[in-house]
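See below for the structure under consideration.
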Amino acid sequence: MASSPSKKNGMPSPIQKMERDAATNIWTIWYASQYGKLERVRSLLDRNAVSSIDVQEFRTQWSPLHFACRYGHSSLVAFLIARNANVDLQDWQGNTPLHLAAGWGDLDCVTLVLEGGADVRRTNNTGQTPLDVSISLARKDHIRLLKDWRPLGLSAEELAAFRQQLIANNTELIKFERALVEEPNTDIRLELQALHFKRQCFGQSHPGLFATYSKLVNLYRDNNKIADAFSMADHGLTLCESTYGRRHVDTARWVSALGELLLLRENFDQAIHCFVEAFNTISRPCSLQGETHHETMFALENLAIACEQAGMLKLTETHLKTLLTLLMNRYGGGYNAKLYHLNVRLASVLLAQKRVQEARELYVQCLPHAENLFGGTDDHTVACTDAIGKCCFLLGEFAVRDYHKGKIR
């Protein structure tokens, strides 16, 4: 059995290393990466609290990207790669982040690291490639992806040759070329190019397409191209449904994404239908495990927003109250900005139903939290105080209204 590198060459003991490294916060970034604490990692890097984004844990020589890949935190993997983390850095056993993602991470992590330029042929100290690791652990989807993967970074000459090879009698390529010429956004053009080559190399049903569809949905939505975003989300949903089935959690995420786009198009009934389906699918495994997954609450919040915009105030109230109960159970009695905003939203829904007394009571409960969270002169606190004054006016309590009106002057 190979010995840990910490026992060689007179290196400091683990305790000495822990004491020395505590001041640099590297233990914190490793812990945060292991448990998927994206905002904590972002904060440490933004404050230059660690010497490098690739700082390696002394025993395993794992970088933050190793930890994120090993434990399947795809959002953190995407963030670290965007920050130029080394995708081919090897640990003390020669494993790259791709080795760990291939063996223990989820498929999204494998795709992200591959798209980040990871070397699929890199071997560890036992001569295993990432594909070998996937095979040894029977990761079927990972095996398929790694077997079919082709790097997309073609040279200009290779790209020209590839185009000439396919352009004759290929209407799809002609359509693609036209879309590239007409698209002014550089990021969208790059993702369209990636999508096209993935389809050509892997076929229309390869799971490696999911990440590109998702990126294009976000890019099109951010650029207010909702019809194009909807088209990409529909492609993603169709592929996911054919791969995993309609009742799969990943499929529900695509259904929810479609619902968000339908909401932007003011197709409220269809959006609500999507959010109900997504919520029912995502919440089922969580309830069986006795958990409250953040995606369950996200789907429920989307459902409440859709109902409110559709004027279904009673349903909105029901969903907001359910969401608040889930969040309060999760936070164990604590209070944060999320709970504040949801309570204020609920108060406004009560007010819209002309339940002024109930709305006023809820605004009054929210006010001290606004002062604690944002400060006495913040816009949130002022708006809450003003809402109390308006409720008092509607109830005919003019003296109380004047008191609150005076507080915000």
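Numbering (the UniProt record's numbering), first residue to last: 1 to 409. Beta carbons: idealized from backbone N, C-alpha and C, even for Gly.
Just verifying my parser: in three-state terms, what is the DSSP assignment at residue i?
| i | result |
| --- | --- |
| Pro184 | coil |
| Gln353 | coil |
| Ser348 | helix |
| Lys321 | helix |
| Arg70 | helix |
| His248 | coil |
| Asn280 | helix |
| Pro64 | helix |
| Ile53 | coil |
| Asn329 | helix |
| Asn302 | helix |
| Glu371 | helix |
| Ser33 | helix |
| Arg265 | coil |
| Thr377 | coil |
| Val87 | coil |
| Val120 | coil |
| Met297 | helix |
| Asp106 | coil |
| His206 | coil |
| Ala233 | helix |
| Arg47 | coil |
Residue i and residue j look like a contact to me (Cβ under 8 Å); what is the Cβ gap, rounded to whole Å?
| i | j | result |
| --- | --- | --- |
| Thr212 | Ala194 | 5 Å |
| Pro268 | Ala306 | Checking the sequence, you will find Phe at residue 268 rather than Pro. Contact flag correct, Cβ pair sits at about 6 Å. |
| Asp88 | Arg122 | 6 Å |
| Ser51 | Asn86 | The Cβ separation is near 14 Å, so there is no contact. |
| Gln34 | Tyr71 | 6 Å |
| Ser112 | Ser74 | For the record, residue 112 in the displayed sequence is Leu; it is not Ser. Right, the Cβ-Cβ distance comes to about 6 Å (below 8 Å), so this counts as a contact. |
| Ala252 | Ile282 | 5 Å |
| Leu323 | Leu300 | 5 Å |
| Leu131 | Lys147 | 7 Å |
| Leu145 | Pro207 | 6 Å |
| Ile388 | Arg360 | 6 Å |
| Leu76 | Gly36 | 5 Å |
At the level of alpha carbons, what is the spacing between residue i and residue j?
| i | j | result |
| --- | --- | --- |
| Cys240 | Lys354 | 44 Å |
| Gly103 | Leu261 | 35 Å |
| residue 416 | Gly396 | Outside the shown range of the chain (1 to 409) lies residue 416, about which nothing can therefore be said. |
| Thr96 | Ala118 | 9 Å |
| Arg199 | Ala383 | 51 Å |
| Ile135 | Ile143 | 6 Å |
| Leu373 | His319 | 25 Å |
| Asp250 | Phe79 | 20 Å |
| Lys215 | Leu313 | 34 Å |
| Leu362 | Leu98 | 50 Å |
| Val255 | Ile188 | 22 Å |
| Lys140 | Glu371 | 53 Å |
| Lys390 | Asn343 | 17 Å |
| Ala49 | Trp92 | 24 Å |
| Asp108 | Gly375 | 41 Å |
| Asp46 | Thr28 | 14 Å |
| Thr238 | Leu258 | 11 Å |
| Trp30 | Val55 | 9 Å |
| Thr385 | Asp378 | 11 Å |
| Asn218 | Met232 | 10 Å |
| Asn124 | Gly311 | 59 Å |
| Phe298 | Phe275 | 10 Å |
| Glu57 | Ala101 | 18 Å |
| Phe398 | Cys392 | 6 Å |
| Ala304 | Leu263 | 12 Å |
| Arg83 | Ala229 | 26 Å |
Does any C-beta atom of chain C lie closer than 7 Å to the C-beta of residue i?
| i | result |
| --- | --- |
| Tyr340 | In the displayed structure, chain C is absent; only one protein chain is listed. |
Next item on the list: Inspect the CB distances between the stretch 323-334 and the stretch 365-377 and report whether three or more fall short of 8 Å.
Entry: no
Check: Hey, is the stretch 179-198 in contact with the stretch 239-253, meaning 3+ C-beta pairs nearer than 8 Å?
Finding: no
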